[in-house]
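Peer 1: So the sequence shown is residues 120 to 250, counted in the numbering used here. Quick reminder that beta carbons are idealized off the backbone N, C-alpha and C, glycines included. Source: prediction; values computed, not measured.
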Amino acid sequence: MRKKVAWAVTMTEDGPFFVDGAAVLVESVRRAPSLYYDAAFVALVAPRVSERSRRLLGFVGFDEVLERALPIDPSRIEGAVLRDLWTADPSRGGCCGAYELLKLYAWTLTRYHRVVHVDVDTLVLQPIDEL
Numbered sequence: 120m121r122k123k124v125a126w127a128v129t130m131t132e133d134g135p136f137f138v139d140g141a142a143v144l145v146e147s148v149r150r151a152p153s154l155y156y157d158a159a160f161v162a163l164v165a166p167r168v169s170e171r172s173r174r175l176l177g178f179v180g181f182d183e184v185l186e187r188a189l190p191i192d193p194s195r196i197e198g199a200v201l202r203d204l205w206t207a208d209p210s211r212g213g214c215c216g217a218y219e220l221l222k223l224y225a226w227t228l229t230r231y232h233r234v235v236h237v238d239v240d241t242l243v244l245q246p247i248d249e250l
């Protein structure tokens, strides 16, 4: 049996292009298959992502759609500089403010041989068997 690599993405909110991008990612990985690993697709979604978007992720090929809450309460971060990074101006903490922290859950997917966390707008052009 071949080992599985999880291609994980984080979806923090609904939007017209999130699911489209996820579909392109799935198709690009399938068109550049690994010689050594099988691919699995995992979406880590914020509670505010609609049921419709979750169903669509399954429809376009995601094996798992896992709802996850923020791993920490950003207001409890010690040190004003880091706390403000996630709370005062969300754009400074990445595109999605504190919801960027959902990416940390990718490292809990220990049932997979490897986990590759990518942005939903990633296009894979060739196998990445070097993993």
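Write down the C-beta distance between residue 125 and residue 245 rounded to the nearest angstrom, noting that I regard them as a contact closer than 8 angstroms.
Peer 2: As a working note, residue 125 is residue 6 in the sequence shown. As a working note, residue 245 is residue 126 in the sequence shown. About 19 angstroms separates the two Cβ atoms, so there is no contact after all.
Peer 1: In angstroms with no decimal places, state the Cα-to-Cα distance between residue 224 and residue 232.
Peer 2: Position 105 of the sequence shown holds residue 224. Position 113 of the sequence shown holds residue 232. Whole-angstrom Cα-Cα distance: 16 angstroms.
Peer 1: Hey, would you say residue 203 sits closer than 8 angstroms to residue 140, going by beta carbons?
Peer 2: Along the sequence shown, one-based indexing puts residue 203 at 84. Along the sequence shown, one-based indexing puts residue 140 at 21. No, Cβ-Cβ distance for residue 203 and residue 140 is not below 8 angstroms.
Peer 1: Three-state secondary structure (DSSP) at residue 218?
Peer 2: Locating residue 218 in the sequence shown gives position 99, counting from the first residue. Three-state DSSP puts residue 218 in a helix.
Peer 1: If contacts are defined as beta-carbon pairs under 8 angstroms, then residue 162 and residue 200 qualify, I think. What distance do you get, rounded to the angstrom?
Peer 2: What you label residue 162 is simply residue 43 of the sequence shown in a count that begins at 1. What you label residue 200 is simply residue 81 of the sequence shown in a count that begins at 1. With a Cβ gap of about 31 angstroms, residue 162 and residue 200 do not count as contacting.
Peer 1: Excluding the 5 residues flanking residue 132 on each side, which residues of the same chain have their C-beta closer than 8 angstroms to its C-beta?
Peer 2: Residue 132 sits at position 13 when you count from the first residue of the sequence shown. For residue 132, where only same-chain residues beyond five positions count, the Cβ hits under 8 angstroms are 165, 167, 168, 215 and 218.
Peer 1: Nearest CA to the CA of residue 144: which residue from 187, 173 and 160?
Peer 2: Start at 1 with the first residue of the sequence shown, and residue 144 comes out as number 25. If we check each option's Cα against that of residue 144, 160 comes out closest.
Peer 1: Return the residue from the list 154, 187, 135 and 172 that minimises the CA-CA distance to residue 122.
Peer 2: Numbered from 1 along the sequence shown, position 3 holds the residue referred to as residue 122. If we check each option's Cα against that of residue 122, 154 comes out closest.
Peer 1: Pick helix, strand or coil for residue 176, following the three-state DSSP scheme.
Peer 2: Translated into the one-based positions of the sequence shown, residue 176 becomes position 57. Reduced to three states, the DSSP call for residue 176 is helix.
Peer 1: With respect to the beta strand (DSSP E) encompassing residue 185, which residues constitute its N-terminal and C-terminal limits?
Peer 2: Here residue 185 refers to the residue found at position 66 of the sequence shown. Its beta strand (DSSP E) spans residues 183-186.
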